[in-house]
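Contents: one structure, followed by commentary.
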Amino acid sequence: MNRARKIIHAEEAWRYGLTGKGITAAVLDTGVSGHPDYSPRLLCFRDLVNGRLGAYDDYGHGTHVTGILAGNGKMASAYRGVAPEASIVHIKVLDQNGNGKREDVINGIRWVIRHRHQYAIRILNISVGTVKEGDLRDEKLVEAVEDAWDAGLVVVVAAGNMGPLPQSITAPGNSRKVITVGSSDEAGPVYSGRGPTKSCICKPDIVAPGSNITSCSTLWQKGGRPYCQKSGTSMATPMVSGAAALLLSKEPWLTNVEIKMRLRESATDLGLEHSRQGWGLLNIKRFCRLMG
1 MNRARKIIHA EEAWRYGLTG KGITAAVLDT GVSGHPDYSP RLLCFRDLVN GRLGAYDDYG
61 HGTHVTGILA GNGKMASAYR GVAPEASIVH IKVLDQNGNG KREDVINGIR WVIRHRHQYA
121 IRILNISVGT VKEGDLRDEK LVEAVEDAWD AGLVVVVAAG NMGPLPQSIT APGNSRKVIT
181 VGSSDEAGPV YSGRGPTKSC ICKPDIVAPG SNITSCSTLW QKGGRPYCQK SGTSMATPMV
241 SGAAALLLSK EPWLTNVEIK MRLRESATDL GLEHSRQGWG LLNIKRFCRL MG
């Protein structure tokens, strides 16, 4: 995280007092542990897989994603997330193996739409995707994220790890409306999903660091280390969600369309084809229009 924060200029936003305070992001994932880095700001937890009441994460993916988005580095400042004072609502839609049903993801999205005013949810982070684009059942998944977008939410979705061939963006990241995030710094195998989609939509929209990211771990509850390392577009996605929280804490009147256009205007061109980088690399300093 300390490396990734410098790449996307997150700390420069903090120097202007932008921390995501007052902004709530909903996360659909494997659940979330009560990690000290963000637990006081966990407003609500819903389990659509097992129906349990207390917050938990039996796989670890959701805890890691949440730390990237909103961890405050209480247990180690080097691993502070992008928006360290943002609030979180978490909906568990994936099981202990990181797998899930489309119906649970769709129901999770619908839950967020219904409760967005109750928890002041502005952002929906979905570091979840299908195995590959093309299943007819994915149309309902895409319809669900577009309903969330039409409801005014900033919907940020992973491009998936099925790259590098063309048309490897996974659903629901193949939606025309949502913000689809690829990884900018792939290490080893080239995994980030590439566009265009099978419907000839240019994707991804933007890229952010996603490889070897150290963030919150569930192991601390068992006496283990409080942080662990993971790679994937799942890790890049909350970087962009966190950036949206920073901007909204500065300019809360912005719409999701305006935020998407601001991402396009402010991204740093990496000199790669659009199918790999989209508009370019997330640049929070330019995104939030900070001076100096």
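Following this note's numbering, the numbering of the sequence shown begins with 1 at its first residue and continues without gaps. Idealized CB from N, CA, C, for every residue including glycine. All figures in this text were calculated on a predicted structure; none of them were measured in a lab.
Are residue i and residue j close, meaning C-beta to C-beta below 8 Å?
{"i": "G193", "j": "G152", "result": "no"}
{"i": "V82", "j": "L219", "result": "no"}
{"i": "V142", "j": "S168", "result": "no"}
{"i": "I299", "j": "G100", "result": "Nothing can be reported for residue 299: it is not among the residues displayed for the chain, which extend from 1 to 292."}
{"i": "Y56", "j": "G73", "result": "no"}
{"i": "D37", "j": "M75", "result": "yes"}
{"i": "H9", "j": "N283", "result": "yes"}
Which residues in the same chain as residue i place their Cβ atom closer than 6 Å to its Cβ, once the five residues preceding and following it in sequence are excluded?
{"i": "D138", "result": "T130 and A171"}
{"i": "A26", "result": "V89, V112, I121 and L124"}
{"i": "A86", "result": "G20, I23, A25, A70 and A245"}
{"i": "R286", "result": "S266"}
{"i": "D185", "result": "P209 and S211"}
{"i": "C228", "result": "S217"}
{"i": "Y191", "result": "N161 and G163"}
Between residue i and chain C, is the shortest Cβ-Cβ distance under 8 Å, so that the two count as touching?
{"i": "G271", "result": "Within the model displayed, chain C is absent; a lone protein chain is all it includes."}
Quick one: what does DSSP say residue i is sitting in, helix, strand or coil?
{"i": "A78", "result": "helix"}
{"i": "I8", "result": "helix"}
{"i": "G100", "result": "strand"}
{"i": "R52", "result": "coil"}
{"i": "I179", "result": "strand"}
{"i": "K92", "result": "strand"}
{"i": "T24", "result": "strand"}
{"i": "L281", "result": "strand"}
{"i": "K140", "result": "helix"}
{"i": "A158", "result": "strand"}
{"i": "L247", "result": "helix"}
Please report how far the alpha carbon of residue i lies from the alpha carbon of residue j, in whole angstroms.
{"i": "A243", "j": "N256", "result": "13 Å"}
{"i": "R41", "j": "A70", "result": "9 Å"}
{"i": "R262", "j": "L281", "result": "13 Å"}
{"i": "L48", "j": "I91", "result": "7 Å"}
{"i": "D107", "j": "G160", "result": "A small fix is needed here, since residue 107 is Asn in this sequence, not Asp. Approximately 21 Å, taken between the alpha carbons."}
{"i": "S39", "j": "G271", "result": "40 Å"}
{"i": "G98", "j": "W149", "result": "25 Å"}
{"i": "A78", "j": "V156", "result": "25 Å"}
{"i": "L248", "j": "L254", "result": "7 Å"}
{"i": "A236", "j": "S33", "result": "20 Å"}
{"i": "D58", "j": "D95", "result": "7 Å"}
Note down, in chain order, each residue of its chain lying with its Cβ closer than 7 Å to the Cβ of residue i, except the 5 sequence neighbours on either side.
{"i": "Y119", "result": "T24, L43, C44 and V89"}
{"i": "R80", "result": "M1, G71, N72 and G73"}
{"i": "V105", "result": "L28, V93, V128 and L141"}
Can you give the beta carbon distance from residue i to residue j, rounded, assuming they're within the 8 Å contact cut?
{"i": "P166", "j": "G195", "result": "7 Å"}
{"i": "C216", "j": "H64", "result": "6 Å"}
{"i": "K198", "j": "G173", "result": "About 12 Å; that fails the 8 Å criterion."}
Return the chain-ordered list of same chain residues with a C-beta closer than 8 Å to the C-beta of residue i, the five sequence neighbours on each side being excluded.
{"i": "R3", "result": "P209"}
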